[in-house]
Amino acid sequence: MKITNELRNKTKAEIKKELLELLKEQFNLRMQKSMGEVSRSHLYKQVRRNIARVKTLLKEKERTV
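In the numbering used here, the protein residues as written are -6 to 58.
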């Protein structure tokens, strides 16, 4: 995941795009988990935390506008 400072320099549209990519990745991991194909289960936790980081940055940008 990119450093939070790098995300802060992006526009709201770019951050939303990043969020969509993370949500897709989370969905794919969830599907793999249900099929029993996940070999690296730590990725699910990592993606979930990155989604939270991105959502937090979006809220911060909305408040400053």
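Just so it is clear, CB atoms sit at the ideal spot from N, CA and C, and this is done for glycine as well. Values in this document were obtained by computation on a predicted structure and should not be read as measured data.
Report buried or exposed for residue i, applying the criterion of at least 16 other Cβ atoms within 10 angstroms of its Cβ.
i, result
"L22", "buried"
"K13", "Per the sequence shown, residue 13 should be read as Leu rather than Lys. L13 should be labelled exposed."
"N43", "buried"
"E7", "exposed"
"E11", "buried"
"V47", "buried"
Look at the alpha carbon of residue i and the alpha carbon of residue j, and state the distance between them as a whole number of angstroms.
i, j, result
"E30", "L16", "19 angstroms"
"Y37", "I(-4)", "19 angstroms"
"V58", "K52", "10 angstroms"
Could you check whether residue j and residue i sit closer than 7 angstroms to each other, using their CB atoms as the reference points?
i, j, result
"K54", "K5", "yes"
| message | Could you tell me which whole alpha helix (DSSP H) segments of length 4 or greater appear in the stretch -5 to 44? | response | -3 to 1, 5 to 28
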